[in-house]
Amino acid sequence: MTSPVPLRRARAVLTAGLALLLALGGAAAAQAERALVIGHAEITEAYDPAHAFNPTSGMINRVAYDTLVTFPDGDASEILPLLATSWSISDDGLTYTFTLREGVTFTDGSSLAAEDVAFSFMRLKNVQAQPSFLADPIASIEAIDERTVAITLTAVRPSFLAELANTAFSVTNADAVRAAGGTDAADAAETDTAQEVLNQTSVGTGPYVLESWSPQDRTVLVRNPDYWGEQPYFDRVIVVNIPEAATQRVALVAGNIDLATDLTPDQVVALEGEDDIGIYLGPGRWTHFLLMNRDPEVGGPMANPLVAQAVRLALDYDGYRDLWAGSVTPGSNMWVGLAGAYGQDKALTRDLERARALMAEAGYPDGFEVTMHYADLTWAGVSLSTNAQKIQSDLAEIGIDVRLLPGEVQVALEGYRNGTQGFGYWFWGPDKLDPVDFLEFLPGGKVSGERARWMPEMIDEATRALIARAGVETDAEERLEIFAQLQDYAQQDSAFAPFSVPAVQTAYRADIEGYVWHPQWGLDIALLSRK
Amino acid sequence: MPLYQYLLRRVLFAIPLVLGITVVAFLIANAVPADPINANLPQSALNNERLVQAFREKWGLDQPLHVQYLTYLGNLLRGDMGVSIRTNQPVLDDIRQFLPATVELATTSILVGLLLGVTFGVVSAVWRNSPVDYLVRVVALIGVSFPVFLLALIGLTVLHAQLGWTAGPGRLGFLVSRPPHLTGLYTIDALFAGQWAALRDAAWHLVLPSLVLGLYVSGIIARITRSSLLEVLGSDYVRTARAKGQREFLVIMRHGLSNALIPVVTLLGVLYGNLLAGAVLTEAIFAWPGIGRYAYRASTSQDFPAIMGVSMLIALIYVVANFIVDLLYFFIDPRIRYA
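Which chain is which? The protein sequence lines are A and B, in order. Numbered by my numbering, the letters in the first sequence go through residues 2 to 532 in order. Numbered by my numbering, the letters in the second sequence go through residues 433 to 771 in order.
Right, here's the structure in full:
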């Protein structure tokens, strides 16, 4: 396909030819192969699920394998069944028992069994490769019968189900991996040799099969005809490595590729309005927030909880949404895509009158001067300086005179990480796609303690107990309730003021449908189709 | 001096050179203040003393530096460049995989550059100080000074995306299957497999990158050819040739150019080495999976065996290229024969 014109012509001829065949009554005529080309900056050294741990392998293994449980298409708002149809957690929170789906077969025709799950996870743990830390909490795995597997953890870990949705926990065909030299034994780090084979082919149950991988060049997936779920649209998917975003843009415009995964936000904006380009905008993974240090020595007036509350009520949330297309207002520092996270509907709204009253109550009826630290950079298309200027004008409304102090990223980060910034503007992406990630922003958490000096002894006993429970409760309903209470609490009395979750932006050919960005696997290829 | 003696001398000179390169490359790669253990072991494994120790032993990091060097040299002599820490593949396999793409592009580029450069240089020297000369010199200047990656991007945007005159990024159309592996040079492999469509497509994809890199090379060659030819054309033997009444075309081609090309040949060896080693950005823009990007990724992850492997390879390429250049001298310049 050397240029868009011959491509279109070829497609037109193909379509016409097919129509003719069908018209002649050849309803069973051979269909042209449906191929999808994805332009992608390849970052992976492996596709073997026990070794691979990066965006590229996440995207490929998402469709080449299945995990026991998964997330919804576009976020991490709940845990959904995949290879496991149901599960239960023991009262002590240590043992997870999964019932496996019936009628699932691997690419070689053999049936999925509990033993495959046990083998895959123990191999992940024992090969001691990049993603192995995810399996560290596993103490033992027992295949109770063909379709029941029990996983026992070393300690209570409420985020375990969310972590199981990571493609590192892909379920592999134990016999096939063993035949390729794989082992789940304790010395697997030294004796397992299956990686070479598993980098070139997949032995899973997903909608696609890895056909070939030429590193730094292209990865080819073909449809798995025996897939247990709904068949995906494309027969063949070619993921070509285009390291430069500028080249991805050219290739997309010229029609060489159907979808570009790595365009910069300004490139996407420049493509807006092009007839043959479609654009996706959805909430991204970064929550932008203000930090108000609770140590009076460092934070000064900002250490006063009443001032912090006034700041939260003084921010013009609608304004930030207007500023960044597709962005949403978070209701807390819990990433909006997590289970039970407060989104825009439960977010604070601007209330200058109350904010001014709080300032007076705190003893600052005429306001004060304060310096705001932030990194002088543009992150995922959002200029921190632009937001900083808006924060400055928002807070001027309640008498806070903000002096902006942008710093070189590494320098500014230093002050943020060691907690010497009294007032700062930063952003956060969840380390874990589970509500426990929010505990970072509550007393006892790293961000709260090290960066905002907001300590457990500063809060009441009941809230401390609630936070402690949040770290160990495994019941889904209970967790929702606990995290709702914690978010309510944070809206009133927190050292942070989250104000914006900017969008992720992706561009593709206008005839591509079904694109959804996901924080875990980036892109689910099986959801894509062509108009 | 007979040819064999000349050859032998060149080879003997090359041996200490290659040895010296191994020492320098080894020392530089080791002087980098970064720990390959941190760069290549996951966090969970870093806390495991047994695994860290196993890693040190596996890569010989627990040995003193001179022992490490001798081990490396010993393995190298047996054709073993070690295993890449990052890709977990033998470095030699990695090089075999990534080098052909670069060789294919560098070769076509140097040919394009030579053709354009010599033509430009001759035209420019013969019509010295005429508008043609100025035009050629401006083009040559652009070729030399314009950032290659920018030229590549403009080429792709205008010639490919807007006009559709050239192929897009990559070594092949994204829907075209690779020809069966033989040499790794897609054009040659497709030719031997009789896959004419793939051959046409591979050649087509070579055009734009070769032009871009070729233009860069041609700028340098044109300038050298011009100045060298001007010097030659002003020499006594050319005046003699003209005085004999020889046709101007023959004077320029036979007496002028053949003598003026000696510095160009010298340059070719260096330029070809440059093209093989230094096309990282061009390879990135054209999505060309070559050795440049492999080297870049190896160096950013402190992949010591891979860094050494690529360094050795590039050094070897320079040595071989210069060896060939020396050979060419022998044939082009009779003075060397009798030295």
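Beta carbons: idealized from backbone N, C-alpha and C, even for Gly.
Is it true that the CB of residue j sits closer than 8 Å to the CB of residue i?
i: I258 of chain A; j: G75 of chain A; result: no
i: R295 of chain A; j: A496 of chain A; result: yes
i: S642 of chain B; j: S541 of chain B; result: yes
i: F134 of chain A; j: L69 of chain A; result: no
i: A85 of chain A; j: A163 of chain A; result: no
i: A485 of chain A; j: L443 of chain A; result: no
i: L604 of chain B; j: R610 of chain B; result: yes
i: V223 of chain A; j: E212 of chain A; result: yes
i: T71 of chain A; j: L83 of chain A; result: yes
i: A593 of chain B; j: T619 of chain B; result: no
i: V670 of chain B; j: G688 of chain B; result: yes
i: R287 of chain A; j: A190 of chain A; result: The amino acid at residue 287 of chain A is misidentified as Arg; the sequence shows Trp. Taking 8 Å as the Cβ cut-off, W287 of chain A and A190 of chain A do not qualify as a contacting pair.
i: F290 of chain A; j: P499 of chain A; result: yes
i: A527 of chain A; j: P233 of chain A; result: yes
i: S530 of chain A; j: G515 of chain A; result: yes
Out of the options, point me to the one whose CA is closest to residue i's CA.
i: A397 of chain A; options: A:P226, A:I145, A:L314; result: A:L314
i: Y704 of chain B; options: B:K676, B:I652, B:V670, B:L567; result: B:I652
i: R557 of chain A; options: A:E143, A:E275, A:Q506, A:D476; result: Only positions 2 to 532 of chain A appear in the structure, and residue 557 of chain A is not among them; the question remains open.
i: E481 of chain B; options: A:L69, A:G110, A:Q129; result: A:Q129
i: A340 of chain A; options: A:N62, A:W522, A:S160, A:A85; result: A:S160
i: A180 of chain A; options: A:L199, A:V172, A:T168, A:F170; result: A:L199
i: N507 of chain B; options: B:S556, B:P522, B:I517, B:R518; result: B:P522
i: L459 of chain B; options: B:I620, B:S743, B:P695; result: B:S743
i: R480 of chain A; options: A:D438, A:A261, A:T96; result: A:D438
i: G44 of chain A; options: B:T519, B:I453, B:T454, B:L440; result: First, the residue type needs correcting, since residue 44 of chain A is Ile and not Gly in the sequence shown. Ranking the options by Cα distance to I44 of chain A, first place goes to B:T519.
i: A557 of chain B; options: B:L661, B:F624, B:V751; result: B:L661
i: R351 of chain A; options: A:D92, A:D319, A:D227, A:N305; result: A:D319
i: V571 of chain B; options: B:P611, B:L548, B:A599; result: B:L548
i: P208 of chain A; options: A:A65, A:A53, A:D218; result: A:A65
i: L607 of chain B; options: B:A629, B:M740, B:P721, B:T714; result: B:A629
i: R102 of chain A; options: A:A114, A:A187, A:D323, A:D193; result: A:A114
i: D402 of chain A; options: A:G382, A:F424, A:L414; result: A:F424
i: Y365 of chain A; options: A:I399, A:G332, A:G94; result: A:I399
i: V299 of chain A; options: A:A255, A:N419, A:I392, A:T206; result: A:N419
So which residues on chain A does residue i lean against when the C-beta distance must stay under 7 Å?
i: L585 of chain B; result: A247
If you follow the alpha helix (DSSP H) that residue i is in, where does it begin and where does it stop?
i: D525 of chain B; result: 523–558
i: G448 of chain A; result: It should be noted that the sequence gives Val, not Gly, for residue 448 of chain A. Taken as a continuous stretch (DSSP letters only), V448 of chain A belongs to no alpha helix (DSSP H), as it is neither H nor E.
i: V312 of chain A; result: 306–315
i: S650 of chain B; result: 628–665
i: P737 of chain B; result: 736–764
i: L573 of chain B; result: 563–577
i: Y618 of chain B; result: 618–625
i: I139 of chain A; result: I139 of chain A -> not in any alpha helix (DSSP H); beta strand (DSSP E) instead, spanning 139–146.
Starting from the beta carbon of residue i, find every residue of chain B whose beta carbon is closer than 7 Å, and list them in chain order.
i: A255 of chain A; result: H592, A593, G600
i: E273 of chain A; result: None at all; the shortest Cβ gap to chain B is about 17 Å.
Anything in chain B within Cβ reach of residue i, meaning under 8 Å, just list it in chain order.
i: A261 of chain A; result: Correct list: empty, because the minimum Cβ distance to chain B is about 12 Å.
i: D216 of chain A; result: The sequence as given places Pro at residue 216 of chain A; Asp does not occur at that position. By Cβ distance, chain B contributes T519, Q529, P721.
i: V38 of chain A; result: F606, L607
i: I258 of chain A; result: F606
Looking at the secondary structure, which residues open and close the beta strand (DSSP E) in which residue i lies?
i: S808 of chain B; result: Residue 808 of chain B is absent from the structure shown; chain B starts at 433 and stops at 771.
i: W214 of chain A; result: 209–215
i: H289 of chain A; result: 288–293
i: E370 of chain A; result: 369–376
i: Q411 of chain A; result: No beta strand (DSSP E) holds Q411 of chain A; the alpha helix (DSSP H) holding it covers 410–418.
Can you name the residues of chain A whose CB is closer than 8 Å to the CB of residue i?
i: R725 of chain B; result: Q217, P244
i: I772 of chain B; result: Absent from the structure is residue 772 of chain B, since the part of chain B shown begins at 433 and ends at 771.
i: A486 of chain B; result: A190, E191
Using a Cβ-based criterion (distance less than 7 Å to any ligand heavy atom), does residue i qualify as near the ligand GDP?
i: W229 of chain A; result: As far as ligands go, the structure on display features none, and thus does not contain the ligand GDP.
### Members of the stretch 571–603 of chain B near chain A, C-beta cut-off 7 Å
Residues passing the 7 Å Cβ filter: L585, L588, T589, H592, A593, G596, A599, G600, P601, G602.
### Query
If contact means a Cβ-Cβ distance below 7 Å, which residues of the stretch 225–251 of chain A contact chain B?
For the stretch 225–251 of chain A, the set of residues with a beta-carbon nearer than 7 Å to any beta-carbon of chain B comprises I239, V241, N242, I243, P244, E245, A247, T248, V251, in chain order.
### Query
Which residues, in chain order, does the stretch 609–635 of chain B contribute to contact with chain A at a C-beta distance below 8 Å?
For the stretch 609–635 of chain B, which is checked against every Cβ of chain A, the residues closer than 8 Å are R610, D633.
### Query
Quick one, which residues of the stretch 144–158 of chain A are near chain B if we go by CB-CB under 8 Å, in chain order?
Among the residues of the stretch 144–158 of chain A, none has a Cβ less than 8 Å away from any Cβ of chain B.
### Message
If the cut-off is 8 Å on Cβ atoms, which residues from the stretch 696–713 of chain B count as contacting chain A, listed in chain order?
### Response
The stretch 696–713 of chain B vs chain A, Cβ under 8 Å: nothing.
#### Entry: the stretch 46–67 of chain A: positions lying closer than 7 Å to chain B by Cβ
The stretch 46–67 of chain A vs chain B, Cβ under 7 Å: E46.
### Query
the stretch 435–458 of chain A: which residues have C-beta closer than 8 Å to a C-beta of chain B, in chain order?
Taking 8 Å as the Cβ-Cβ cut-off, the stretch 435–458 of chain A has no residue approaching chain B.
### Task
Identify each residue in the stretch 167–198 of chain A for which the Cβ-Cβ distance to at least one residue of chain B is less than 9 Å, and report them in chain order.
Per Cβ criterion, the list reads A190, E191, Q196, E197.
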